[in-house]
Each structure stands twice: as C-alpha cells, then as structure tokens.
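>
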Amino acid sequence: MSFILKFWLTRFPLLLLSAGLCALLPRVGTTKGQQDVQLGNVSNSKVSINQRLQTIIQGDPALLRALQKQNNQLQERNIKLMDENYSLRLAAAARLAEQAAQPNATVEQKAALEALKKGDSRPGEALLTAQADQLDARQVGREVEPTVRKQSIALRDEVSALGRVRAQLLPRLSIDPSGISVSGFDSGANMAVQLAVAHSASIAGIGTIGGAPYNCSRGSISGAVFKCACLPTVDANSQCTVLPSETLVALFKNDLHRLESAALIDPSKNLDRQRVMIIAEGKNALVRPFHSKQIEEQYRSVQGNSTLVKVLTTEKAGRVMPTLNQGGPCESSLQIGLGNCKFDAAGAILQWLQGEGKNVPPPQRRTASGEFVRFDQQEFWSRPATALGLDSTGWLYIPPQCKRVAGVCKLHVVFHGCELGQGYLPQRVGERAPPFVLQAGFNEWADASSTVILYPQALHSNGNLFSAGFNPKGCWDFWGYAEKGKAALTLGSFQTREGAQLSSVMAMVSRISGKGGTKSNSSSKTTGQPSSSPQ
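Following my numbering, the residues of the sequence shown are numbered contiguously, the last one being 546.
#1: Give the secondary structure of T117 by DSSP, where H, G and I count as helix, E and B as strand, and everything else as coil.
#2: Could you compute how far the alpha carbon of A165 sits from the alpha carbon of D147?
#3: Label T462 either buried or exposed according to how many other C-beta atoms from any shown protein chain fall within 10 Å of its C-beta, with 16 as the threshold for buried.
#4: Would the beta-carbon of G130 fall within 8 Å of that of A103?
#5: Alpha carbon to alpha carbon, what distance is there between I306 and L254?
#6: Helix or strand or just coil, what does DSSP make of V298?
#7: Go ahead and label D144 buried or exposed: buried means 16 or more other beta carbons lie within 10 angstroms of its beta carbon, across all protein chains shown.
#8: Counting only the same chain and skipping the five closest in sequence on each side, list residues whose C-beta sits under 7 Å from that of F426.
#9: Whose CA, out of W406, T325, G190, Q309, lies closest to the CA of N226?
#10: Between the C-alpha atoms of L335 and R443, what's the straight-line distance to the nearest angstrom?
#11: Out of curiosity, what's the CA-to-CA distance linking S171 and S403?
#12: Taking one C-beta from the segment 231-239 and one from the segment 511-519 each time, how about it: are there three or more such pairs within less than 8 Å?
#13: If you count every other CB in all the chains shown that lies within 10 Å of the CB of H619, and 16 or more means buried, which is it?
#14: What is the DSSP secondary structure of V170, counted as helix, strand or coil?
#15: With a 10 Å radius around its C-beta and 16 neighbouring C-beta atoms as the bar for buried, classify V111 as buried or exposed.
#16: What runs of the beta strand (DSSP E), each 3 residues or longer, lie entirely inside the segment 157-231?
#17: Smallest Cα separation from G222: which of G525, E119, N295?
#18: Can you tell me where the alpha helix (DSSP H) with A261 in it begins and where it stops?
#19: State the CB to CB distance for the pair G405 and M332, rounded to an integer number of angstroms; the pair is presumed to be in contact (CB under 8 Å).
#20: I need the DSSP call for L131, collapsed to helix, strand or coil.
#21: Does the Cβ-Cβ distance between S344 and G350 come in under 8 Å?
#22: Rounded to whole angstroms, how far is the Cβ of A209 from the Cβ of R385, which I believe are closer than 8 Å?
#23: So the candidates are A215, Q337, F383; which of them puts its Cα closest to the Cα of V320?
#24: Which of the three DSSP states is assigned to R508 in this structure?
#25: Can you tell me which of V313, L364, E292 puts its alpha carbon nearest to the alpha carbon of G329?
#26: DSSP state of S515, grouped into three classes?
#27: Are the beta-carbon atoms belonging to L422 and I220 less than 8 Å from one another?
#28: Tell me which same chain residues have a C-beta within less than 7 Å of the C-beta of L127, skipping the five on either side of it?
#29: In whole angstroms, give me the CA-to-CA distance for A218 and I290.
#30: Give the DSSP-derived three-state secondary structure of R385 in the structure shown.
#31: Quick check on this structure: which residue in S132, T117, P114, A122 has the alpha carbon closest to the alpha carbon of L101?
#32: Go ahead and label P541 buried or exposed: buried means 16 or more other beta carbons lie within 10 angstroms of its beta carbon, across all protein chains shown.
#33: State buried or exposed for G358, treating a residue as buried only when at least 16 other CB atoms are found within 10 Å of its CB.
#34: V520 to Q506, Cα distance in whole Å?
#35: Taking E292 as part of the alpha helix (DSSP H), name the residues at either end of that continuous run.
This is the structure:
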C-alpha cells in the first residue's frame, strides 16, 4: 500500500503539470487550404537532400540560378552562417520541386516552384509553413512523435532560410547611450525584467505590464506555470504555488549576489538609478496583480531612491495589452491580445521612463509617421531558431527625425506577449508587421519623443515537454527552454547576460546604438540610415 501511495505522490505533480500545459497549449485547427496541402516527402537527412539536389536542382538551371543570385545578395551583405543558410535554401527548393513534380501536385505547389525560379520565395514559404503547421497540429494534446517534430523543425528552418534574403540588416543609428530602456507585456514583461537586471549598466528604465518578478520560475517549466502564473480555476489560488502575500525579496537579493559574483549580470548597484513603471491588471486571471507587487518589492529592496518606482493598476484589464482604442474587450481574461481599455499603457510607460512628461510631449497625431524596418534576426542567433526561440526577422520603428545622421534619439526595446509574435498563426499578416507592433501604442509616442522602438520577435515551437525549445505559445524565455542542450554549467543562465535570448537581443541593442557588432557579424558600417535590402 505504501508503495502505491508513493508511486502516485511522486507522479501526481507531473500529471497536474501536463494537464495545466494542455490547458495552455494552442488549439490548433487546420483550414481547408491547409488540409489540401500535401506534405510530400519531408525527410531531411543529408543523404536524401544530396540525392534530391543532384536529381532536381542541377536538372533545373532556372531554379539553381535564382538561388545562386540570392546567395550572392546575402554575401554582399556580409551575412555569416552562409553555408548553412545556402544548404537550407537548396533543401527547401528541392522539397518544393519534388512536391511540384508529383502526379497529384496542387496548383499552389506548382505556383510556389515557378515563383521561386523568378526569385520570389514567399509562396514557397507560405506553403512550407502550412505544412509545418499541419505537423504541429498532430502533436497538440498527445504524446509527441520525435519524427514528426523533426520534420516540422526542418520545414521551419527552411522557411527561415528562404525569407532571409528579403530582410534588411539592422541599422546603426545615432542613439543616446543614457536613453536606452525596455518594457514588455505578459511573458515580454518577464523578459524586460531579466534584461534590465542582467544589463543594468546599459538599461536606464523598465516598464512591465501584467508581468512576474525576476527568476520567478527558478528555471523550471512548472515554476513558469504555477509560480509566474496561476492557472484559472474556480478557486483563484488553487493552481498557484505562490501565495499573494509571498515576497521574493530574499531570493532576489541572493540571486543578485550569486550572479554578480560570477560576473553573469552587471553590478546590481545600477538598479538603484533605473526608473521603473509597473502596470498591474485587475482582471488578468493568469498573471495576477500580486505578481506585479512582487516586482515592485524586488525593486524597492535594492533602490535607495524609491521615488523612481511607480505602480499603476488597470482594474478592468484582463490579459490584454491596454490601449486607448485598439483591440478587443478590455476585460478579456483568457484570450490574450490588444485591449480597448481607454488607457494608453505605452504612453504611460514612455512618459515615466523618460521623465514623466518633461521630455515626452503628447503625440500630435495618432498615426505613426516613421518607417517600419523588418530586419534580419538570424545574424544574432547563437544556434538554430527552433532551439533558441527567436524568429528569423524582427521589427524596428524609426521616427523621421531619427533617420538623420545628426539626430540623437533614444532607444526603447518592447517585448511582445505570448501568442503575439509575428510567427504565431493568428498574428500572421504576410509581409506587414503584426498587430502588436502596429497598434500597441508605442510608435506614436516614439514620434513625439524621438525614440527608436525595437520589437524583437520570439518563435513558437511544439515538441516534447522537456525538449529543447519547447515553447508552444511563442513566449519569451523566462524558464530556460532556450538553454536546453547546453553544457550543464550554463543551465539556468536564461536570466543572465549569458542567456541565449538575452545576449541575442542585447546584441541587437548594441548594433543600433553603435556599441558593437552582433553575435555573428560586426562588420557593418555605422550609419544614420536604415540599410536597404535587395528584393
């Protein structure tokens, strides 16, 4: 009897966690167009790729010329990882050619191949993405099939490689080094806290909306689900392993001492000068107001000047990014997105971080007048996207005055929430920026305050619960999923300067501000103009 009791006691937490994650997993459906897509042969072994290259690519001079032209364009832009990128594009082309040659090939498959021969990879990207979505849909709510996951990863890596030729290089601009700040919503708020702590010497201010405190997950997915958030139930606290009255100050100070001693974060004394805006959401059923309170307590524990910390509560806001007039119902608790809350969270954050109105005049117009640049995130990758959790491209908003070489502007990094990145299925809008980038409210204030806005993009990935890159909602890494597979000594570094995502994003900041290069390429010349990309 004792053995049976011990068996279930040791396994019940894992069963509960699995049930909770199933509740949080996306309900992936397939449209009729997706159902019509034929997957064809999705084997990605080197042998099969080489065989197909010999029999298909070399037998189609037009296709080979188009790919070689793209390769030359990338070489002109000093793109690193060239061999890997070219091999993936060749593999994608071979896959599309193979599918188009089948007797039952669809019109879409044939059209994608013809477009690729003319240098347009977008139809092929859409087709392969739909096929990857179909594969991912097989894995939702059931035990993951390793072969299916491998096929999905191969497809998405090929899509990233195809689209890279259209993305611009992230430009260097004239940025005031004392004017770099960060904010985020939902998991993006957790990421903002991590960036502000790990790189406190460079970050002057931080804003959080519906976020949780530093290292709340303690490096585990169960912590991410039950400590950094609360699964909604009838009993509001039954699925939380952290109480509303609990403080994490002691753990926070211990983390600062430990990580600073190991030189994994900047000196924590820098936190004393950061301006902090914390926005809690009264009806957010997943990330509760007490999570925001815990962020406040952490910062007040290390700030001698507590007047730099400001806390607001939007009582009616559910799990939404509060805006003046964009998005759906403000009270939406489970359907994440933009919320029409008659409250400008972006404006409140930028005003406070940049001097509470002294340096941030209200926008003269409610339409952004600057330029949206879709830039190449791949040059900042430390390893493949499916393990790192970063999309192949990100977005940069540049106000008109910040494009001039003589103009000195500020820089603000904005992290989207779970399910709000451009790669997440409901957010895909072709070549346009996703709704969070266009409508969250930061761009109009950026025009008024001469602030460049950096929107990095996370990437969702299904898979085994404990596999590398398991991130079905496209969240930012606040529990360590991007660190899986690294040496044991570096596990748990997601919240430090060594974190895979943090170091990649900070390399983007360094590029824009002219402080340095990137993780893979630092040869771009400093300029006040965004670089152009070949079409």
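Note that CB positions come from ideal geometry on N, CA and C, so glycine has one too.
Reading from the atomic positions:
#1: What you label residue 117 is simply residue 106 of the sequence shown in a count that begins at 1. Three-state DSSP puts T117 in coil, outside helix and strand.
#2: One-based indexing of the sequence shown puts residue 165 at position 154. One-based indexing of the sequence shown puts residue 147 at position 136. Using only the alpha carbons, I get a separation of about 12 Å.
#3: Taking the sequence shown and counting its residues from 1, the one referred to as residue 462 is at position 451. Looking at its Cβ environment, which holds 16 or more other Cβ atoms inside 10 Å, T462 is buried.
#4: Stepping through the sequence shown from its first residue, residue 130 is reached at position 119. Stepping through the sequence shown from its first residue, residue 103 is reached at position 92. No; because the gap between Cβ atoms is not below 8 Å, this pair is not in contact.
#5: Locating residue 254 in the sequence shown gives position 243, where the first residue counts as 1. Locating residue 306 in the sequence shown gives position 295, where the first residue counts as 1. Straight-line Cα distance between these residues: approximately 14 Å.
#6: Counting from one through the sequence shown, the residue named residue 298 turns up at place 287. Three-state result, V298: coil.
#7: Residue numbering aside, residue 144 sits at position 133 when the sequence shown is read from its first letter. With 16 or more Cβ atoms within 10 Å of its Cβ, D144 is classed as buried.
#8: Your numbering for residue 426 matches position 415 in the sequence shown. Result list for F426: G195, G199, M202, A203, P467, W487, in chain order.
#9: One-based indexing of the sequence shown puts residue 226 at position 215. When only C-alpha atoms are compared, the closest one is Q309.
#10: Here residue 335 is taken as the residue at index 324 of the sequence shown, counted from 1. Here residue 443 is taken as the residue at index 432 of the sequence shown, counted from 1. Rounded to the nearest angstrom, the two C-alpha atoms are 22 Å apart.
#11: Here residue 171 refers to the residue found at position 160 of the sequence shown. Here residue 403 refers to the residue found at position 392 of the sequence shown. Rounded to whole angstroms, S171 to S403 spans 6 Å at the Cα level.
#12: no
#13: This structure cannot settle anything about residue 619, because the visible part of the chain is limited to 12 through 546.
#14: The residue you call residue 170 lines up with position 159 of the sequence shown. Helix at V170.
#15: Sequence index remark: in the sequence shown, residue 111 carries index 100 (1-based). The amino acid at residue 111 is misidentified as Val; the sequence shows Ala. That one is buried.
#16: 186-196, 216-220
#17: Here residue 222 refers to the residue found at position 211 when the sequence shown is read from its first residue. That would be N295, whose Cα lies nearest to the Cα of G222.
#18: In the sequence shown, residue 261 corresponds to position 250, counting from 1. Segment 260-272, the alpha helix (DSSP H) holding A261.
#19: By 1-based counting over the sequence shown, the position of residue 405 is 394. By 1-based counting over the sequence shown, the position of residue 332 is 321. No, G405 and M332 are not in contact; Cβ-Cβ is about 18 Å, not under 8 Å.
#20: As a first step, residue 131 must be located in the sequence shown, where it is residue number 120. A small fix is needed here, since residue 131 is Asp in this sequence, not Leu. In this structure, D131 counts as coil in the three-state DSSP scheme.
#21: Position 333 of the sequence shown, counted from the start, is the residue given in the question as residue 344. Position 339 of the sequence shown, counted from the start, is the residue given in the question as residue 350. Cβ atoms of S344 and G350: not closer than 8 Å.
#22: On the sequence shown, residue 209 is found 198 positions in, with the first residue counted as 1. On the sequence shown, residue 385 is found 374 positions in, with the first residue counted as 1. Going by Cβ atoms, the distance from A209 to R385 rounds to 27 Å, so no, they are not a contact pair.
#23: The residue labelled residue 320 in the question sits at position 309 within the sequence shown. That would be A215, whose Cα lies nearest to the Cα of V320.
#24: Working through the sequence shown from its first residue, we reach residue 508 at position 497. In the structure shown, R508 sits in coil (DSSP, three-state: anything other than H, G, I, E or B).
#25: The residue you call residue 329 lines up with position 318 of the sequence shown. With distances taken between Cα atoms, G329 lies closest to E292.
#26: For the purposes of this step, residue 515 is taken as residue 504 along the sequence shown, with counting starting at 1. S515: helix per DSSP, three-state reduction.
#27: Taking the first residue of the sequence shown as 1, we reach residue 422 at position 411. Taking the first residue of the sequence shown as 1, we reach residue 220 at position 209. It is not a contact, given that the beta carbons lie outside the stated cut-off.
#28: In the sequence shown, residue 127 corresponds to position 116, counting from 1. Cβ neighbours of L127 beyond the five flanking positions: L74, A77, A104, L107, G135.
#29: Walking along the sequence shown from the start, residue 218 turns up at place 207. Walking along the sequence shown from the start, residue 290 turns up at place 279. It is worth fixing the name first, because residue 218 is Gly in this sequence and not Ala. The straight-line gap from Cα to Cα measures roughly 8 Å.
#30: The residue given as residue 385 occupies position 374 in the sequence shown. Looking at R385 - three-state DSSP - the assignment turns out to be strand.
#31: By 1-based counting over the sequence shown, the position of residue 101 is 90. Comparing Cα positions, the closest option is S132.
#32: Counted from its first residue, the sequence shown places residue 541 at position 530. Because the pLDDT at P541 is just 37, under 50, the model does not fix this residue reliably, and the value given afterwards should be weighed accordingly. P541 is buried by the Cβ-count criterion.
#33: Numbered from 1 along the sequence shown, position 347 holds the residue referred to as residue 358. Result: buried.
#34: Numbered from its first residue, the sequence shown carries residue 520 at position 509. Numbered from its first residue, the sequence shown carries residue 506 at position 495. Approximately 17 Å between the Cα atoms of the pair.
#35: Here residue 292 is taken as the residue at index 281 of the sequence shown, counted from 1. That residue, E292, is in no alpha helix (DSSP H); its beta strand (DSSP E) goes 286-292.
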